[in-house]
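J.:
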Amino acid sequence: MNPRERIMKAMNLEHPDRVPVMCQFSIGFMNQQLKGTGITPMELWLDADKYAEGLIFLRDIFDFDGILVSIHGHAKDWRQKIKKVEVVDTFEKATFEGHTELYLDDDLPIGNFFEPRQRNLDSINPTSIPDKLDYIAASKDCYFFIDEEDPYRVFKILDDNLKRQYSIHGEVTSPFDYLLDLIGYQNALMALVLEPAKVKLILDKFTVGVINMAVGLAERVEIDAIKISSPFTGMGFISPDHYRQFELPYISRVVDAVKNCGKAVYIHTCGHINDRLEIMKESGVSGLECLDPPPIGNTELEDAFNRVGDSMFIKGNIDSVSTLLNGNEESITADVAKRIQVGMQNKGFILSTACSIAPKVPRENIELLAKLASEIGSYSDPKYLGAHHL
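Per this note's numbering, the very first residue in the sequence shown carries number 324; after that it's consecutive.
Set out below in structure tokens:
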């Protein structure tokens, strides 16, 4: 069984030969691990060939069964778009038309726009939001602009090199996250209460754009699944009632569109989500990723499987900070072994960090994951065979 088949089995709620392993690389972690390779933080962010090279390099080191491609649409002529490059505190800073980007070695780039992008809700006409989104809202003032001429080139590079041996996943951002980016977090939270009707019109328009992006990925490139990134819809930010109003109807449409293309689709929401697992399941999603455990979140893996694991795969849920960053080999082994044992008692388990790998996690700590999955995650072990109607 090759790595791609291993992931596919898990996403189809079947047991592969062993527990598959696939973590999301944060941009900061990639930059830390790629020091000395000749790939700079600027190149990792802007150059499709370098980004693909970095993903393949790290997959090989950590023996992951799949790769998440978080950004796509790199412009071939990105160097020509830069008006000036300078060094600020050892980091490259590029000036573009209308904004600058500072490329850190342990985080996403820091963007600075000459004219603020966030707008007042009153000034927004929802019908003016385009049906085709040309940017990924990665973080506050950090955007990845999609080249319309060749938006899928990074996937073509990966496919040419990997020959479908590994499971490749694409990523889109949720309509709710685009709303937060458009008017700001505080304004958005107030708008949910004060102007819910207008918020829903905006979300409806962003949903069209997200669907078009997701369907483009599902139909045009060789991927097995699409992750919907919706980091701010946990209980630390919105209530279950607001989740039902402002997240569920819109993300469900994205889920339906991706599944209609024959691809798996999963939701990634950070932090505390224990009070809304069943609501997330109502979206019809194929799987859930993250499920942050305490102290960062409040989701226990066994409880999540008991509540929603009958119809969804679960990808998680190692604490990247408390366990992998601050732990040692002994404590990491104990924590990961426990999650493998819980996951193996259920269908559809993919071993992963809960959120993306924290930037400063030591390489040797991540190397433990595939090693442990190989040593103790085999479904041919007699104590697992037949235990749960495999």
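Don't be surprised by glycine CBs; every beta carbon is placed ideally from N, CA and C.
Buried or exposed: which applies to phenylalanine 672, given that a residue is buried once 16 or more other Cβ atoms fall within 10 Å of its Cβ?
T.: Phenylalanine 672 should be labelled buried.
J.: Quick one: which unbroken beta strand (DSSP E) runs of 3-plus residues sit fully inside the stretch 648 to 707? Chain order, please.
T.: Segments of the beta strand (DSSP E) lying fully in the stretch 648 to 707: 672 to 676.
J.: How big is the Cα-Cα spacing for serine 679 and valine 516?
T.: One C-alpha to the other measures close to 31 Å.
J.: Tell me whether the stretch 428 to 440 and the stretch 508 to 522 touch, counting them as touching only if at least three CB pairs, one residue from each stretch, are closer than 8 Å.
T.: As far as the Cβ criterion goes, the stretch 428 to 440 does not touch the stretch 508 to 522, which means the pair count is below three.
J.: Measuring only the C-alpha atoms, how far is glycine 280 from valine 344?
T.: Outside the displayed range of the chain (324 to 713) lies residue 280, so it cannot be described from this structure.
J.: Please state the DSSP three-state secondary structure of lysine 638.
T.: DSSP places lysine 638 in strand when its eight states are reduced to three.
J.: Taking buried to mean at least 16 other C-beta atoms within 10 Å of its own C-beta, is valine 411 buried or exposed?
T.: Valine 411 is exposed by the Cβ-count criterion.
J.: Leaving out the 5 sequence neighbours to the left and right, which residues in its chain are closer than 7 Å to serine 370 when beta-carbon positions are compared?
T.: The residue asked about is misnamed: residue 370 is aspartate in this sequence, not serine. Answer for aspartate 370: His397, Trp401, listed in chain order.
J.: Taking buried to mean at least 16 other C-beta atoms within 10 Å of its own C-beta, is asparagine 669 buried or exposed?
T.: Classification for asparagine 669: buried.
J.: Please tell me whether, using a cut-off of 6 Å, the distance from the CB of asparagine 583 to the nearest non-hydrogen atom of the ligand PLP is below it.
T.: Looking for the ligand PLP in the displayed structure turns up nothing, as the structure carries no ligands at all.
J.: Do leucine 481 and isoleucine 491 have their CB atoms nearer than 7 Å?
T.: Yes.
J.: On the CB-based measure, 16 or more other CB atoms within 10 Å of its CB, does glycine 557 come out buried or exposed?
T.: So glycine 557 counts as buried.
J.: So, lysine 550 versus tyrosine 489, is the Cβ gap smaller than 7 Å?
T.: Not a contact, by the Cβ cut-off of 7 Å.
J.: Kindly identify the DSSP beta-bridge partner or partners of arginine 341.
T.: Ser701.
J.: Taking buried to mean at least 16 other C-beta atoms within 10 Å of its own C-beta, is threonine 413 buried or exposed?
T.: By the neighbour-count rule (16 or more Cβ atoms within 10 Å), threonine 413 is not buried but exposed.
J.: Express the C-alpha separation of proline 554 and valine 608 in angstroms, rounding to a whole number.
T.: Looking at the two C-alpha atoms, the distance is approximately 16 Å.
J.: To which residues of the same chain is lysine 582 closer than 8 Å at the C-beta, ignoring the five residues directly before and after it?
T.: The residues are Val588, Gly607, Ser609.
J.: With distance defined between alpha-carbon atoms, name the residue in Gln403, Glu366, Met353 nearest to isoleucine 379.
T.: For the residues Gln403, Glu366, Met353, the minimum Cα distance to isoleucine 379 belongs to Met353.
J.: Assign methionine 334 to buried or exposed, taking buried as 16 or more other Cβ atoms, counted over all protein chains shown, within 10 Å of its Cβ.
T.: It is buried - the Cβ of methionine 334 has at least 16 other Cβ atoms within 10 Å.
J.: For valine 644 versus alanine 677, is the C-beta spacing smaller than 7 Å?
T.: Not closer than 7 Å, so no.
J.: Based on DSSP bridge pairs, tell me the residues matched to tyrosine 589.
T.: According to DSSP, tyrosine 589 bridges with Lys550, Gly610.
J.: Do proline 326 and lysine 332 have their beta-carbon atoms positioned less than 7 Å apart in this structure?
T.: No, the pair does not count as a contact, with Cβ atoms beyond the cut-off.
J.: Nearest-angstrom Cα distance between aspartate 633 and aspartate 626?
T.: Using only the alpha carbons, I get a separation of about 12 Å.
J.: Between the alpha carbons of aspartate 454 and lysine 528, how many angstroms are there, rounded?
T.: Answer to the nearest angstrom: the Cα atoms are 7 Å apart.
J.: Considering only DSSP beta bridges, list what serine 490 is partnered with.
T.: Its beta-bridge partners are Gly389.
J.: Do asparagine 640 and proline 618 have their CB atoms nearer than 7 Å?
T.: Going by C-beta atoms, asparagine 640 is not nearer than 7 Å to proline 618.
J.: Mapping the DSSP letters down to three states, classify lysine 332 as helix, strand or coil.
T.: In this structure, lysine 332 counts as helix in the three-state DSSP scheme.
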